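If you read the sequence shown in this note's numbering, its first letter stands for residue 39, the second for the next number, and so on. C-beta atoms are modelled at their ideal positions from N, C-alpha and C, and glycine is treated no differently. Note that this is a predicted model, so its numbers are computed, not measured.
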Amino acid sequence: MTASLLSGKPLAKLIQQQAQTEAKALAEEGSCPTLAVVVATEDSSTHWYVRSIERAAGNAGINCQIIDVGHDATEQALIAVLEDLSSQPSVHGIILQTPLPPGVRSQELVKCISPAKDIDGANPLSLGLLAVGERAFAPATARAVVELLDHFDIPVAGRNVVVVGRSTVVGKPLSLLLLQRDATTTVCHSKSGPLGRYTRAADVVVVAAGRTGLLTGTDVSDHSVVIDVGTNVLSDGSLVGDVDEASVLTVAAALTPVPGGVGSVTTALLLLHTAEAAREQSRAARTPVLTR
């Protein structure tokens, strides 16, 4: 048996077209959706990723500003930049790119991103709103998993879904999104013990732990749909996920590839979120404030 490969590229193209359509409509109304990406690292893979966002944004008609504050930026300097961007009406979406300089606390910085412009769901307020079912931007990677499942008509309501990883970037928000879809969701982490006792019984397994080869063919069953969220750079510069693709492909029913799976959808969703944020901010600016 060979698992079906669930490519994210066709879905990413559809989402990019949605973002482009919305950006064009806003431009005709005199508003250009603008995304600001704050970078504070010399990491070459990070800069490559940011340039890919910039190219994709340009193709969608979205303005992308790269604010490189330098690898030695202080926490206070980054806070000032984020607060300034949050206050600028011409900026509609903000991303704080990691890694950050040593000693800089990301949990303090993300609090400075306005929830209205928090298109990657980094601010704790965004996660709180998501938890209670209120309108908020979910982290793009978490939403990308749900969009992929929908795109391939893979149901989760009433089914067993295991999420491996509990980060605030993917694992926790994804578990909330899955619960909203009536999935029976289990979150595994470093203290859960052998993964197989959870994942072999799962209908859907999402791996987002950042560990190469974490999930193998012995950890899944022949009905498992495996979503690999991992992005690990090897010494030769190649990109692999958290799944041992060779062994899982011989057992599972379906698997997302790395690269070409969740990542491409994530980038497209960042653009769509920016266009959606621009639309909401434009609408809010036109709404009169009632006074007594």
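Option nearest residue 321 by Cα separation, candidates 46, 57, 69, 42: In the sequence shown, the residue the question calls residue 321 occupies position 283. Restricting attention to 46, 57, 69, 42, the CA atom closest to the CA of residue 321 is found in 69.
Cα-Cα separation between residue 95 and residue 102, rounded to whole angstroms: Position 57 of the sequence shown, counted from the first residue, corresponds to residue 95. Position 64 of the sequence shown, counted from the first residue, corresponds to residue 102. When the Cα atoms are used, residue 95 and residue 102 turn out to be separated by approximately 6 Å.
Distance between beta carbons of residue 108 and residue 78, contact taken as under 8 Å: Mapped onto the sequence shown, residue 78 falls at position 40. Mapped onto the sequence shown, residue 108 falls at position 70. Between residue 108 and residue 78 the Cβ distance is about 6 Å, and since that is below 8 Å, they are a contact.
Nearest residue (CA-CA) to residue 207, options 247, 193, 197: Position 169 of the sequence shown, counting from 1, holds the residue named residue 207. Residue 247 is the option with its Cα nearest to residue 207.
Runs of beta strand (DSSP E) wholly within the region 52-103 (minimum 3 residues, chain order): Runs of the beta strand (DSSP E) inside the region 52-103: 72-77.
Best match in 232, 235, 233, 177 for proximity to residue 213 [C-alpha to C-alpha]: As a position in the sequence shown, residue 213 is number 175, starting the count at 1. Nearest of 232, 235, 233, 177 to residue 213, Cα basis: 177.
Whole beta strand (DSSP E) elements within the region 103-183, 3-residue minimum: If only complete runs of 3 or more residues are kept, the region 103-183 shows the beta strand (DSSP E) at 131-134, in order along the chain.
Length at least 3, wholly inside the region 262-315: the beta strand (DSSP E) runs in chain order: Qualifying beta strand (DSSP E) stretches, in chain order: 263-266.
Own chain partners of residue 292 with C-beta closer than 6 Å, once the 5 adjacent residues on each side are dropped: Here residue 292 corresponds to residue number 254 of the sequence shown, with the count starting at 1. Cβ neighbours of residue 292 within its own chain (closer than 6 Å, five residues either side excluded): 41, 42, 44, 263.
N-terminal and C-terminal residue of the beta strand (DSSP E) that residue 237 is part of: For the purposes of this step, residue 237 is taken as residue 199 along the sequence shown, with counting starting at 1. For residue 237, there is no enclosing beta strand (DSSP E); the enclosing alpha helix (DSSP H) has its first and last residue at 234-237.
Residue 253, DSSP secondary structure in three states: Within the sequence shown, numbered from 1, the residue matching residue 253 stands at position 215. Correct three-state label for residue 253: strand.
Cβ-based burial, residue 232 [other Cβ within 10 Å; buried from 16]: As a first step, residue 232 is located in the sequence shown; it is residue number 194 there, counting from the start. Residue 232 counts as exposed, since fewer than 16 other beta carbons sit within 10 angstroms of its beta carbon.
Among 159, 168, 114, the one whose alpha carbon lies nearest that of residue 143: Start at 1 with the first residue of the sequence shown, and residue 143 comes out as number 105. For the residues 159, 168, 114, the minimum Cα distance to residue 143 belongs to 114.
Whole-angstrom distance between residue 83 and residue 192, CA atom to CA atom: The residue labelled residue 192 in the question sits at position 154 within the sequence shown. The residue labelled residue 83 in the question sits at position 45 within the sequence shown. Straight-line Cα distance between these residues: approximately 32 Å.
CB of residue 237 within 8 Å of CB of residue 184, strictly: Locating residue 237 in the sequence shown gives position 199, counting from the first residue. Locating residue 184 in the sequence shown gives position 146, counting from the first residue. Cβ atoms of residue 237 and residue 184: not closer than 8 Å.
Unbroken beta strand (DSSP E) run spanning residue 40, endpoints: Reading the sequence shown from its first residue, position 2 is the one you call residue 40. Per DSSP, residue 40 belongs to no beta strand (DSSP E) and is neither H nor E.
Contacting residues, own chain, Cβ-Cβ under 7 Å from residue 319 (five flanking each side not counted): Walking along the sequence shown from the start, residue 319 turns up at place 281. Contacts found: 130, 154.
C-beta atoms of residue 269 and residue 186 nearer than 8 Å: Indexing the sequence shown from 1 puts residue 269 at position 231. Indexing the sequence shown from 1 puts residue 186 at position 148. Pairing residue 269 with residue 186 gives a Cβ-Cβ distance that is not under 8 Å.
Buried versus exposed call for residue 302 [16 or more other C-beta atoms within 10 Å across all chains shown]: Translated into the one-based positions of the sequence shown, residue 302 becomes position 264. Answer is buried; the Cβ neighbour count reaches 16.
Same chain, Cβ closer than 7 Å to residue 189, five either side skipped, listed in chain order: To locate residue 189, count along the sequence shown from 1; it is residue 151. So the qualifying residues of the chain are 49.
Start and end residues, alpha helix (DSSP H) containing residue 193: The residue labelled residue 193 in the question sits at position 155 within the sequence shown. For residue 193, no alpha helix (DSSP H) segment is defined, and its DSSP state is neither H nor E.
8 Å contact criterion, which residue 173 and residue 165 should meet: CB distance rounded: Translated into positions along the sequence shown, residue 173 becomes position 135. Translated into positions along the sequence shown, residue 165 becomes position 127. Residue 173 to residue 165, Cβ: 13 Å. No contact.
Supposed contact pair residue 219 and residue 245 - C-beta distance, whole angstroms, cut 8 Å: Taking the first residue of the sequence shown as 1, we reach residue 245 at position 207. Taking the first residue of the sequence shown as 1, we reach residue 219 at position 181. The pair is not a contact, with the Cβ atoms about 19 Å apart (cut-off 8 Å).
Check whether residue 156 and residue 132 have beta carbons under 8 Å apart: Taking the sequence shown and counting its residues from 1, the one referred to as residue 156 is at position 118. Taking the sequence shown and counting its residues from 1, the one referred to as residue 132 is at position 94. Contact: yes.
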